[in-house]
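Participant:
2 protein chains.
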Amino acid sequence: MHTLTQFKLCPQSRSIRLVLNELQIDFETREERPWEYRDELLAMNPSGELPVLSLSGGPILCGSYAISEYIAEEFKTANGAGRSVSLFPGSREDRAEVRRLVDWFHGKLARDVTRDMLEERVYRAYRAATASSAPDATILRAVRQNLRYHMSYIAYLAHERRWLAGDELSFADFAAAAHISCLDFLGEVPWDDYEPARTWYSRIKSRPSFRPLLADRISGVAPPAHYFDLDF
Amino acid sequence: MHTLTQFKLCPQSRSIRLVLNELQIDFETREERPWEYRDELLAMNPSGELPVLSLSGGPILCGSYAISEYIAEEFKTANGAGRSVSLFPGSREDRAEVRRLVDWFHGKLARDVTRDMLEERVYRAYRAATASSAPDATILRAVRQNLRYHMSYIAYLAHERRWLAGDELSFADFAAAAHISCLDFLGEVPWDDYEPARTWYSRIKSRPSFRPLLADRISGVAPPAHYFDLDF
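So the sequences go chain by chain: A and B.
Per my numbering, residue 1 is the first one in the first sequence, and the count goes up by one each step.
Per my numbering, residue 1 is the first one in the second sequence, and the count goes up by one each step.
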């Protein structure tokens, strides 16, 4: 059995869980608190970053970049509806657009919003024994402002295209949905102002691959009621 | 003619310049100051990030991830020595290792060191008209400490392997060399303590593809004498 070492609210981990679910690849998860930098994690991935995918009888793959490209090469199976899911579909130029957007979400959105939001609202509380657990209001204000810019961009893409990178569902959608789902878990997404983004997210959230993510619970944070609602 | 929009001391830009030079692809460069977020840049790449590669008669590719993967698929030519240069050589597992390390250098090393170092020592001075140009000593101390950790890791890889990701030269070497060359331009690399890293860098610096980078000059920063020296 393949093993995905992950943290439930880690966007990079979530993007890979979605991909594995979409491709109907069986795997078990091993929960890791990324802020603890445990020796067992560092032995698998010296960067201490998540996710890490340990393939049964195969290599250990570190990080969503290496994992997604490996999976795209290795697994090309059909999903329940009989359609094959390609992470980087289309022409060479189409694939470049998917990768530009994956970089946008796992790179820029992570830097501008998700990393700091998770640090302030989740990680910090877990570390409360050694530090103050109150989020920094200045940082929260800044990342919430940044999030509005990113919501505008997602709404723009969702309005112009069938999926975020073009006509086909791609890893760009899973990467974006992974970040948005973490922020939505924390009740941070201002849905009312970004209708096309809501419509897009509602479509991807309704996919069977998304269901396990909606069942996630972590101690100390209660997601808002609409987090589970497919028709929110 | 292809056009690379770049900033001379941007590590991501440098990694792509090295790749284009290695593959003997003709291109011209257009210099952009990334901290200015000019409309012309945003029109090509809404993220405002560098590099951007505009292919003659073809697509505009944004960011080192999309560009490197596109080039790996598109161009497979031979270099001067008659050997072909593959950005992601070897088996699927070997390619995952290259990508893990590309992520390490363009992701982690950038976050831990290069981005802040360039901000404090270069960008800030260019913006001096509107802000204080003195680097923040606390930040510099922290990123210099982080750099020692990264130098240890590069030295470890260089000691264990022929090239950083394995037997073959790969995009991981170009990504690492791009960051190290920017830091070396600023005289920030503590070479004496990391002999295997120095040996590796000396080998990659001696390649013809590296020569244009050694000729770079920017106003306000004078690189140390050893920056140009192939046998430093």
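Yeah, the Cβ is synthetic: ideal placement off N, Cα and C, and Gly gets one too.
In this text, all values refer to a predicted model and were calculated from it rather than measured experimentally.
For the putative contact between residue 114(B) and residue 11(B), defined by C-beta atoms under 8 Å, what is the C-beta separation to the nearest angstrom?
Facilitator: Cβ atoms of residue 114(B) and residue 11(B) come within 8 Å of each other, at about 5 Å.
Participant: Between the alpha carbons of residue 187(A) and residue 111(A), how many angstroms are there, rounded?
Facilitator: 19 Å
Participant: Of all the options 127(B), 124(B), 121(B), 184(B), which has the alpha carbon lying nearest to the alpha carbon of residue 151(B)?
Facilitator: Comparing alpha-carbon positions, the option among 127(B), 124(B), 121(B), 184(B) lying closest to residue 151(B) turns out to be 184(B).
Participant: Taking only runs that begin and end inside the region 197 to 224 of chain A, name each unbroken alpha helix (DSSP H) of 4 or more residues, in chain order.
Facilitator: 211 to 214
Participant: Can you pull the chain B neighbours of residue 62(A), defined as C-beta to C-beta under 7 Å?
Facilitator: Neighbours of residue 62(A) on chain B, chain order: 100.
Participant: At 4 residues or longer, and completely inside the region 20 to 107 of chain B: list those alpha helix (DSSP H) runs for me, N to C.
Facilitator: 39 to 44, 63 to 74, 92 to 103
Participant: Unbroken alpha helix (DSSP H) runs of length 4 or more, entirely within the region 142 to 201 of chain A: which are they?
Facilitator: 171 to 185
Participant: Roughly how many whole angstroms lie between the Cα atoms of residue 51(B) and residue 220(A)?
Facilitator: 42 Å
Participant: Checking 8 Å against the spacing of the C-beta atoms, do residue 87(B) and residue 72(B) come in under that value?
Facilitator: yes
Participant: Counting only the same chain and skipping the five closest in sequence on each side, list residues whose C-beta sits under 6 Å from that of residue 223(A).
Facilitator: 185
Participant: Assuming contact is defined by CB atoms lying nearer than 8 Å, are residue 158(A) and residue 212(A) in contact in what I supplied?
Facilitator: no
Participant: Kindly indicate if chain E contains any beta-carbon less than 8 Å away from that of residue 47(B).
Facilitator: No chain E is part of this structure, whose protein chains are labelled A and B.
Participant: For the beta strand (DSSP E) that residue 4(A) lies in, which residues bound it at each end?
Facilitator: 2 to 6
Participant: Once you ignore the five residues that flank residue 30(B) on each side, which residues in its own chain have a CB closer than 8 Å to its CB?
Facilitator: 3, 4, 5, 6
Participant: At a Cβ threshold of 8 Å, is residue 14(B) touching chain A?
Facilitator: no
Participant: Count the other CB atoms within 10 Å of the CB of residue 179(A); is the residue buried (16 or more) or exposed (fewer)?
Facilitator: buried
Participant: With 16 as the cutoff for other CB atoms within 10 Å, does residue 32(B) come out buried or exposed?
Facilitator: With a threshold of 16 other beta carbon atoms within 10 Å, residue 32(B) meets it and is buried.
Participant: If we call anything under 8 Å between Cβ atoms a contact, is residue 172(A) one with residue 102(A)?
Facilitator: yes
Participant: Note the first and the last residue of the continuous alpha helix (DSSP H) segment covering residue 115(A).
Facilitator: 115 to 118
Participant: Count the other C-beta atoms from every protein chain shown that fall within 10 angstroms of the C-beta of residue 247(A), then say buried if there are 16 or more, exposed otherwise.
Facilitator: Outside the shown range of chain A, which is 1 to 232, sits residue 247(A), and nothing can be said about it.
Participant: Indicate the three-state DSSP secondary structure (helix, strand or coil) for residue 112(B) in the structure shown.
Facilitator: helix
Participant: Between the beta-carbon of residue 74(A) and the beta-carbon of residue 217(B), is there less than 8 Å?
Facilitator: no
Participant: Along chain B, which residues have their Cβ under 9 Å away from the Cβ of residue 163(A)?
Facilitator: Here the premise fails: no neighbours, minimum Cβ distance about 17 Å.
Participant: State the Cα-Cα distance for the pair residue 38(A) and residue 215(B), rounded to the nearest angstrom.
Facilitator: 44 Å
Participant: Could you tell me if residue 78(B) is buried or exposed, where buried requires 16 or more neighbouring beta carbons within 10 angstroms of its beta carbon?
Facilitator: Caution is warranted here: a pLDDT of 48 is assigned to residue 78(B), below 50, making its placement in the model unreliable, and the coordinate value is therefore given only provisionally. It counts as exposed.
Participant: At the 8 Å Cβ level, is residue 96(B) part of the contact set with chain A, yes or no?
Facilitator: With a threshold of 8 Å between beta carbons, residue 96(B) makes contact with chain A.
Participant: Which chain B residues sit within Cβ distance under 7 Å of residue 59(A)?
Facilitator: What residue 59(A) touches in chain B: 93, 96.
Participant: Could you have a look at residue 18(A) and say whether DSSP puts it in helix, strand or coil?
Facilitator: Residue 18(A): helix per DSSP, three-state reduction.
Participant: For residue 197(B), return the contacting residues in chain A, with the cut-off set at a CB-CB distance below 7 Å.
Facilitator: For a Cβ distance threshold of 7 Å, nothing in chain A lies close to residue 197(B): the least Cβ distance comes to about 16 Å.
Participant: Beta-carbon within less than 6 Å of residue 81(B)'s beta-carbon, same chain only, minus the 5 sequence neighbours each way: which residues are those?
Facilitator: Note on residue 81(B): pLDDT 49, under 50, position unreliable in the model; the coordinate value appears next. None.
Participant: Cα separation between residue 64(A) and residue 46(A)?
Facilitator: 15 Å
Participant: Taking Cβ positions, are residue 18(B) and residue 96(A) nearer each other than 8 Å?
Facilitator: No, the pair does not count as a contact, with Cβ atoms beyond the cut-off.
Participant: Find out if the Cβ-Cβ distance for the pair residue 230(B), residue 206(B) is shorter than 8 Å.
Facilitator: yes
Participant: At least one CB of chain B closer than 8 Å to the CB of residue 103(A): is that the case?
Facilitator: Between residue 103(A) and chain B, the shortest Cβ-Cβ separation is below 8 Å.
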